[in-house]
Amino acid sequence: MSITRKWSAKQQRALEILIRLKRLYPDAHCTLNYDTPVQLLVATILSAQCTDERVNQVTPELFRQFPNARAIAQADIEVLEALVRPTGFYRNKAKNIQGACRMIVAEFGGQIPRRIELLIKLPGVARKTANVVLANAFDIHEGVTVDTHVKRLTQRLGLTEHSDPIRIERDLMRLLPMEDWENWSIRLIYHGRAICQAKKPKCDACLLADLCPSARIEG
DNA sequence: CTCCCGATAT
DNA sequence: ATATCAGGAG
Numbered sequence: 001m002s003i004t005r006k007w008s009a010k011q012q013r014a015l016e017i018l019i020r021l022k023r024l025y026p027d028a029h030c031t032l033n034y035d036t037p038v039q040l041l042v043a044t045i046l047s048a049q050c051t052d053e054r055v056n057q058v059t060p061e062l063f064r065q066f067p068n069a070r071a072i073a074q075a076d077i078e079v080l081e082a083l084v085r086p087t088g089f090y091r092n093k094a095k096n097i098q099g100a101c102r103m104i105v106a107e108f109g110g111q112i113p114r115r116i117e118l119l120i121k122l123p124g125v126a127r128k129t130a131n132v133v134l135a136n137a138f139d140i141h142e143g144v145t146v147d148t149h150v151k152r153l154t155q156r157l158g159l160t161e162h163s164d165p166i167r168i169e170r171d172l173m174r175l176l177p178m179e180d181w182e183n184w185s186i187r188l189i190y191h192g193r194a195i196c197q198a199k200k201p202k203c204d205a206c207l208l209a210d211l212c213p214s215a216r217i218e219g
């Protein structure tokens, strides 16, 4: 068989999975709470290796005291650390959100730049965070968001052979039409939380099992 | 590769 | 005790 035909079959399978995910999670949306693009950026930096639910517990007070980039840029770093502490990695995260906000104030007039090449220069921001902000705040789709759920499920579904998120993103960008890139990521994340968990995936309850080479029905 | 790091589930 | 959570930097 040719490599071309094999890849096309994989693409067909990805599209069928996407159709089912849309039917399963019709109202899937970003579960981080925010009022502005800058707040979304901050919340997304805080969400590294931490549930959105926990991020949403600290951001109301964080954004009440420091509602915009200028305020975060001028904040006492120890106050920021105390506010973000429950999200883990709190020293790095406090330093990164302040560093990012200082750069946003100094170079972009306090507004989030809308180009991924500029966003990923901000401290604590790589492609995953940049894709989340661009897609949700501006409806700009420069790439596919690849977080821990998208990585795990895409691997289990046999849609990539890679473990590097950058290479996984490149595979997904070729498999899926651009207008569905964010549909794909947000729904895989919902499915990863509800069914295809890292530890004990509920394959017996998974409506993608017949399309999944990793599916196992436990006895 | 390691480190950053708290909260929760198993 | 160990693994995991919308990762990123050195």
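Sequential numbering of the first sequence, starting at 1, is according to full-length UniProt numbering.
A virtual CB, placed ideally from N, CA and C, is assigned to each residue, including glycine.
- In this chain, the alpha helix (DSSP H) harbouring R152 covers T148 to R156.
- Taking a contact as a CB-CB distance under 8 Å, the pair V146 and K128 counts as one, their CB atoms being some 6 Å apart.
- For I116, the enclosing alpha helix (DSSP H) begins and ends at I116 to L119.
- Counting only residues of its own chain and dropping the five nearest sequence neighbours on each side, K10 has a CB closer than 8 Å to the CB of G158, L159 and L175.
- Spatial neighbours of N131 in its own chain (CB-CB distance under 6 Å, excluding positions within 5 residues in sequence) are listed in chain order as G143 and T145.
- Straight across, the Cα-Cα distance linking P177 with E16 is about 13 Å.
- C206 is positioned such that its CB atom lies closer than 8 Å to that of A215.
- V105 carries a helical assignment under DSSP once its states are collapsed to helix, strand and coil.
- By alpha-carbon distance to F108, the top candidate from A94, Y90 and R70 is R70.
- Ranked by how close their Cα comes to the Cα of R152, the residues Y90, G192 and M103 have G192 in first place.
- Taking V150 as reference, the option from Q12, L21 and S8 with the minimal CA-CA separation is L21.
- Between W181 and R23, the alpha-carbon positions lie close to 16 Å from each other.
- Apart from the 5 residues on each side of it in sequence, C196 sits with its Cβ closer than 6 Å to the Cβ of L153 in its chain, given in chain order.
- Contact check for T59 and N33: beta-carbon distance about 6 Å, within the 8 Å limit, so the pair qualifies.
- Between I112 and A137, the C-beta gap is smaller than 8 Å, which places the two residues in contact.
- Distance from the CA atom of I168 to the CA atom of L40, rounded to whole angstroms, is 24 Å.
- Linking V125 to T44 through their CA atoms gives a straight-line distance of about 9 Å.
- For the options L188, D35, E53 and P213, the alpha carbon positioned closest to that of P86 is the one of E53.
- The DSSP-derived three-state label of Q39 is helix.
- For Y190, the uninterrupted alpha helix (DSSP H) segment begins and ends at W181 to A194.
- Counting along the chain, the unbroken alpha helix (DSSP H) around R170 starts and ends at P165 to L175.
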